[in-house]
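Chemist:
Residue numbers (this note's numbering): 29 to 298.
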(Lines of atoms letter the chains of each structure in order from A and count residues from 1; the text may use other names and numbers.)
(Lines give C-alpha, C1' and ligand atoms only; values in the text may rest on other atoms or scores of the structure.)
Protein backbone atom coordinates (compact mmCIF):
# COMPACT_ATOMS: atom_id res chain seq x y z
CA UNK A 1 0.00 0.00 0.00
CA UNK A 2 1.25 3.49 -0.84
CA UNK A 3 1.22 6.41 1.57
CA UNK A 4 0.38 9.91 0.42
CA UNK A 5 -0.21 13.43 1.62
CA UNK A 6 -2.64 16.15 0.61
CA UNK A 7 -1.17 19.51 -0.29
CA UNK A 8 -3.47 21.10 2.32
CA UNK A 9 -1.28 19.46 4.99
CA UNK A 10 1.51 21.85 3.99
CA UNK A 11 1.78 25.61 4.53
CA UNK A 12 -0.54 27.46 2.12
CA UNK A 13 2.28 29.63 0.80
CA UNK A 14 4.26 26.63 -0.46
CA UNK A 15 4.28 26.31 -4.24
CA UNK A 16 3.46 22.99 -5.87
CA UNK A 17 7.13 22.51 -6.68
CA UNK A 18 8.05 23.08 -3.04
CA UNK A 19 5.30 20.67 -2.00
CA UNK A 20 6.56 17.97 -4.37
CA UNK A 21 10.08 18.32 -3.02
CA UNK A 22 8.93 18.26 0.62
CA UNK A 23 6.72 15.19 0.06
CA UNK A 24 9.65 13.27 -1.41
CA UNK A 25 12.00 14.31 1.38
CA UNK A 26 9.43 13.26 4.02
CA UNK A 27 9.12 9.80 2.50
CA UNK A 28 5.69 9.88 0.86
CA UNK A 29 4.96 7.86 -2.27
CA UNK A 30 2.26 10.18 -3.57
CA UNK A 31 0.74 13.63 -3.21
CA UNK A 32 -2.84 14.78 -3.73
CA UNK A 33 -3.27 18.31 -5.02
CA UNK A 34 -6.27 20.57 -4.87
CA UNK A 35 -8.34 22.56 -7.33
CA UNK A 36 -9.18 26.05 -6.05
CA UNK A 37 -10.75 29.22 -7.35
CA UNK A 38 -7.28 30.75 -7.39
CA UNK A 39 -3.76 29.36 -7.34
CA UNK A 40 -1.73 27.05 -9.52
CA UNK A 41 -4.60 24.65 -10.29
CA UNK A 42 -8.10 26.01 -10.96
CA UNK A 43 -11.07 24.97 -13.09
CA UNK A 44 -9.65 27.26 -15.79
CA UNK A 45 -6.20 25.66 -15.87
CA UNK A 46 -5.31 24.69 -19.44
CA UNK A 47 -4.40 21.20 -20.62
CA UNK A 48 -0.79 22.27 -21.20
CA UNK A 49 -0.54 23.71 -17.69
CA UNK A 50 -2.08 20.59 -16.13
CA UNK A 51 0.27 18.29 -18.00
CA UNK A 52 3.19 20.47 -16.93
CA UNK A 53 2.23 20.11 -13.26
CA UNK A 54 2.12 16.32 -13.57
CA UNK A 55 5.47 16.31 -15.35
CA UNK A 56 7.05 18.47 -12.66
CA UNK A 57 5.82 16.07 -9.99
CA UNK A 58 7.33 13.11 -11.85
CA UNK A 59 10.61 14.99 -12.27
CA UNK A 60 10.64 15.61 -8.51
CA UNK A 61 10.15 11.89 -7.88
CA UNK A 62 6.56 11.94 -6.59
CA UNK A 63 3.33 10.51 -8.03
CA UNK A 64 0.18 12.64 -8.05
CA UNK A 65 -2.52 10.30 -6.73
CA UNK A 66 -5.74 12.25 -7.26
CA UNK A 67 -7.36 15.68 -7.25
CA UNK A 68 -9.26 17.09 -4.29
CA UNK A 69 -11.15 20.37 -4.00
CA UNK A 70 -12.94 22.51 -1.46
CA UNK A 71 -15.17 24.06 -4.11
CA UNK A 72 -17.95 21.60 -3.30
CA UNK A 73 -18.60 23.53 -0.09
CA UNK A 74 -18.92 26.87 -1.84
CA UNK A 75 -20.93 25.47 -4.76
CA UNK A 76 -22.83 22.42 -3.47
CA UNK A 77 -24.34 20.02 -5.97
CA UNK A 78 -27.45 20.06 -3.75
CA UNK A 79 -27.90 23.83 -3.52
CA UNK A 80 -31.38 25.22 -4.03
CA UNK A 81 -30.00 27.95 -6.28
CA UNK A 82 -29.73 26.38 -9.76
CA UNK A 83 -26.91 28.75 -10.69
CA UNK A 84 -24.84 27.74 -7.67
CA UNK A 85 -25.54 24.02 -8.12
CA UNK A 86 -24.75 24.36 -11.83
CA UNK A 87 -21.45 25.97 -10.94
CA UNK A 88 -20.74 22.94 -8.74
CA UNK A 89 -21.39 20.60 -11.66
CA UNK A 90 -19.19 22.69 -13.96
CA UNK A 91 -16.36 22.71 -11.40
CA UNK A 92 -16.56 18.93 -11.09
CA UNK A 93 -16.49 18.53 -14.88
CA UNK A 94 -13.36 20.68 -14.96
CA UNK A 95 -11.81 18.62 -12.16
CA UNK A 96 -12.44 15.45 -14.18
CA UNK A 97 -10.80 16.91 -17.28
CA UNK A 98 -7.81 18.11 -15.26
CA UNK A 99 -7.40 14.63 -13.82
CA UNK A 100 -7.40 13.05 -17.28
CA UNK A 101 -4.83 15.52 -18.57
CA UNK A 102 -2.64 14.72 -15.57
CA UNK A 103 -2.99 10.96 -16.02
CA UNK A 104 -4.98 10.39 -12.80
CA UNK A 105 -7.70 7.83 -12.18
CA UNK A 106 -9.89 9.58 -9.59
CA UNK A 107 -11.14 12.83 -8.13
CA UNK A 108 -12.70 13.64 -4.77
CA UNK A 109 -16.27 14.92 -4.76
CA UNK A 110 -18.25 16.38 -1.86
CA UNK A 111 -21.77 15.30 -2.88
CA UNK A 112 -23.57 18.24 -1.31
CA UNK A 113 -25.02 18.88 2.11
CA UNK A 114 -28.14 18.86 4.24
CA UNK A 115 -29.05 22.31 5.58
CA UNK A 116 -32.11 23.94 7.17
CA UNK A 117 -33.16 24.86 3.63
CA UNK A 118 -32.18 21.57 1.95
CA UNK A 119 -33.93 18.59 3.57
CA UNK A 120 -32.20 15.23 3.66
CA UNK A 121 -34.41 13.56 1.05
CA UNK A 122 -34.08 16.53 -1.28
CA UNK A 123 -30.29 16.51 -0.90
CA UNK A 124 -30.27 12.80 -1.73
CA UNK A 125 -32.26 13.32 -4.92
CA UNK A 126 -30.28 16.37 -6.04
CA UNK A 127 -26.90 14.77 -5.35
CA UNK A 128 -27.79 11.66 -7.33
CA UNK A 129 -29.20 13.74 -10.19
CA UNK A 130 -25.98 15.77 -10.36
CA UNK A 131 -23.80 12.67 -10.28
CA UNK A 132 -25.86 11.00 -13.01
CA UNK A 133 -25.29 14.13 -15.09
CA UNK A 134 -21.55 13.93 -14.38
CA UNK A 135 -21.21 10.17 -14.90
CA UNK A 136 -20.91 10.30 -18.73
CA UNK A 137 -18.15 12.91 -18.40
CA UNK A 138 -16.32 10.66 -15.95
CA UNK A 139 -16.77 7.64 -18.22
CA UNK A 140 -15.56 9.52 -21.29
CA UNK A 141 -12.45 10.67 -19.46
CA UNK A 142 -11.98 7.36 -17.58
CA UNK A 143 -11.77 9.16 -14.23
CA UNK A 144 -13.69 7.88 -11.18
CA UNK A 145 -15.75 10.35 -9.16
CA UNK A 146 -14.99 9.47 -5.53
CA UNK A 147 -17.89 10.54 -3.30
CA UNK A 148 -16.46 11.45 0.10
CA UNK A 149 -18.08 11.02 3.49
CA UNK A 150 -17.67 14.43 5.13
CA UNK A 151 -19.26 16.41 7.95
CA UNK A 152 -22.20 17.53 5.80
CA UNK A 153 -25.06 15.88 7.75
CA UNK A 154 -25.49 13.56 4.75
CA UNK A 155 -24.78 9.87 3.99
CA UNK A 156 -24.33 9.14 7.67
CA UNK A 157 -24.09 5.35 7.53
CA UNK A 158 -22.08 2.92 5.42
CA UNK A 159 -25.25 1.09 4.35
CA UNK A 160 -26.75 4.33 3.05
CA UNK A 161 -23.54 5.33 1.27
CA UNK A 162 -23.32 1.92 -0.38
CA UNK A 163 -26.94 2.24 -1.50
CA UNK A 164 -26.34 5.78 -2.75
CA UNK A 165 -23.57 4.78 -5.16
CA UNK A 166 -25.20 1.45 -6.09
CA UNK A 167 -28.35 3.25 -7.21
CA UNK A 168 -26.26 5.32 -9.62
CA UNK A 169 -24.94 2.02 -10.90
CA UNK A 170 -21.72 3.05 -12.58
CA UNK A 171 -18.09 2.02 -12.06
CA UNK A 172 -17.26 5.71 -12.58
CA UNK A 173 -19.04 6.76 -9.36
CA UNK A 174 -17.48 5.16 -6.30
CA UNK A 175 -16.45 6.12 -2.75
CA UNK A 176 -13.59 8.25 -1.48
CA UNK A 177 -13.52 6.99 2.10
CA UNK A 178 -12.26 9.21 4.93
CA UNK A 179 -11.27 7.12 7.95
CA UNK A 180 -11.29 9.90 10.55
CA UNK A 181 -14.52 11.54 9.46
CA UNK A 182 -16.73 8.70 10.71
CA UNK A 183 -15.28 8.27 14.19
CA UNK A 184 -17.67 10.73 15.83
CA UNK A 185 -20.68 8.55 14.91
CA UNK A 186 -19.33 5.18 13.79
CA UNK A 187 -16.49 2.72 13.40
CA UNK A 188 -14.24 3.03 10.34
CA UNK A 189 -13.46 -0.68 10.16
CA UNK A 190 -17.20 -1.39 9.82
CA UNK A 191 -17.58 1.21 7.07
CA UNK A 192 -14.65 -0.31 5.19
CA UNK A 193 -16.05 -3.84 5.26
CA UNK A 194 -19.53 -2.69 4.23
CA UNK A 195 -18.33 -0.40 1.44
CA UNK A 196 -15.79 -2.96 0.27
CA UNK A 197 -14.91 -2.74 -3.42
CA UNK A 198 -16.79 0.54 -3.75
CA UNK A 199 -13.80 2.29 -2.11
CA UNK A 200 -11.63 3.90 -4.78
CA UNK A 201 -9.41 6.17 -2.66
CA UNK A 202 -8.80 6.77 1.04
CA UNK A 203 -8.14 9.78 3.26
CA UNK A 204 -6.72 9.26 6.73
CA UNK A 205 -6.68 11.50 9.76
CA UNK A 206 -7.10 10.87 13.46
CA UNK A 207 -9.85 12.09 15.80
CA UNK A 208 -10.02 12.60 19.56
CA UNK A 209 -13.43 11.31 20.59
CA UNK A 210 -13.34 13.08 23.96
CA UNK A 211 -13.25 16.41 22.09
CA UNK A 212 -16.06 15.37 19.78
CA UNK A 213 -16.14 18.39 17.47
CA UNK A 214 -14.14 19.70 14.54
CA UNK A 215 -11.24 20.65 16.81
CA UNK A 216 -10.85 16.95 17.65
CA UNK A 217 -9.12 16.12 14.38
CA UNK A 218 -5.47 15.21 14.78
CA UNK A 219 -2.48 13.79 12.94
CA UNK A 220 -2.31 9.99 12.57
CA UNK A 221 -1.66 8.02 15.80
CA UNK A 222 -2.65 11.02 17.96
CA UNK A 223 -6.32 10.14 18.45
CA UNK A 224 -8.76 7.27 18.78
CA UNK A 225 -8.83 5.72 15.30
CA UNK A 226 -8.32 1.93 15.75
CA UNK A 227 -5.51 1.83 13.23
CA UNK A 228 -4.75 -1.90 13.34
CA UNK A 229 -8.44 -2.72 12.91
CA UNK A 230 -8.56 -0.28 9.99
CA UNK A 231 -5.51 -1.88 8.35
CA UNK A 232 -7.02 -5.35 8.73
CA UNK A 233 -10.34 -4.18 7.28
CA UNK A 234 -8.60 -2.76 4.21
CA UNK A 235 -6.77 -6.06 3.78
CA UNK A 236 -10.05 -7.98 4.10
CA UNK A 237 -11.70 -6.00 1.27
CA UNK A 238 -8.59 -6.06 -0.91
CA UNK A 239 -7.86 -2.34 -0.86
CA UNK A 240 -4.22 -1.83 -1.85
CA UNK A 241 -4.08 1.65 -3.35
CA UNK A 242 -2.95 4.83 -1.58
CA UNK A 243 -3.87 6.14 1.88
CA UNK A 244 -3.56 9.92 1.84
CA UNK A 245 -3.09 12.02 4.97
CA UNK A 246 -5.40 15.02 4.94
CA UNK A 247 -4.50 16.70 8.21
CA UNK A 248 -3.36 20.04 9.56
CA UNK A 249 0.26 19.07 9.94
CA UNK A 250 2.64 21.09 12.11
CA UNK A 251 2.34 24.86 12.24
CA UNK A 252 5.98 25.19 13.26
CA UNK A 253 8.71 23.32 11.38
CA UNK A 254 6.24 21.69 8.96
CA UNK A 255 8.95 19.58 7.33
CA UNK A 256 9.38 17.69 10.62
CA UNK A 257 5.62 17.24 10.82
CA UNK A 258 5.53 15.73 7.35
CA UNK A 259 8.22 13.24 8.29
CA UNK A 260 6.30 12.28 11.44
CA UNK A 261 3.08 11.79 9.47
CA UNK A 262 4.83 9.66 6.86
CA UNK A 263 6.49 7.55 9.54
CA UNK A 264 3.17 7.06 11.33
CA UNK A 265 1.38 5.93 8.17
CA UNK A 266 4.22 3.67 7.11
CA UNK A 267 4.31 2.05 10.56
CA UNK A 268 0.63 1.11 10.18
CA UNK A 269 0.20 0.40 6.49
CA UNK A 270 3.60 -0.61 5.17
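Backbone N, C-alpha and C fix where the C-beta goes; we use that ideal spot for every residue, glycine too.
For residue 171 versus residue 132, is the C-beta distance shorter than 8 Å?
Modeler: Cβ atoms of residue 171 and residue 132: closer than 8 Å.
Chemist: Taking the beta carbon of residue 66 as the centre, do at least 16 other beta carbons fall within 10 Å, making it buried, or is it exposed?
Modeler: Classification for residue 66: exposed.
Chemist: Would the segment 138 to 158 and the segment 101 to 114 be scored as touching if the rule is three or more Cβ pairs under 8 Å?
Modeler: Short answer: they touch.
Chemist: Let's test the definition: count the other Cβ atoms within 10 Å of the Cβ of residue 62 and tell me whether it reaches 16, buried, or not, exposed.
Modeler: Residue 62 comes out buried.
Chemist: Is residue 37 helix, strand or coil by DSSP?
Modeler: Of the three classes helix, strand and coil, the one that applies to residue 37 here is helix, per DSSP.
Chemist: Rounded to whole angstroms, what's the CA-CA distance from residue 32 to residue 297? Just pull it up for me.
Modeler: Computed Cα separation, rounded: 11 Å.
Chemist: With the cut-off set at 8 Å, would you say residue 250 and residue 234 are in Cβ contact?
Modeler: Cβ distance < 8 Å, so residue 250 and residue 234 count as in contact.
Chemist: Tell me the DSSP secondary structure of residue 32 in three-state form.
Modeler: In the structure shown, residue 32 sits in a strand (DSSP, three-state: E or B).
Chemist: Let's see if you can read the secondary structure: which residues bound the beta strand (DSSP E) around residue 281?
Modeler: Residue 281 -> no beta strand (DSSP E), and no H or E assigned at all.
Chemist: Assuming residue 100 and residue 138 form a contact by the criterion Cβ under 8 Å, report the distance between their Cβ atoms to the nearest whole angstrom.
Modeler: Sure, about 3 Å apart at Cβ, within 8 Å.
Chemist: Residue ranges of each alpha helix (DSSP H) run of no fewer than 4 residues wholly in the segment 139 to 208, ordered along the chain?
Modeler: Listed in chain order, they are 148 to 169 and 186 to 196.
Chemist: Nearest-angstrom Cα distance between residue 210 and residue 222?
Modeler: In a straight line, the C-alpha of residue 210 is about 13 Å away from that of residue 222.
Chemist: Taking only the alpha-carbon atoms, compute the straight-line gap between residue 86 and residue 118 and give it to the nearest angstrom.
Modeler: Those two C-alpha atoms are separated by around 28 Å.
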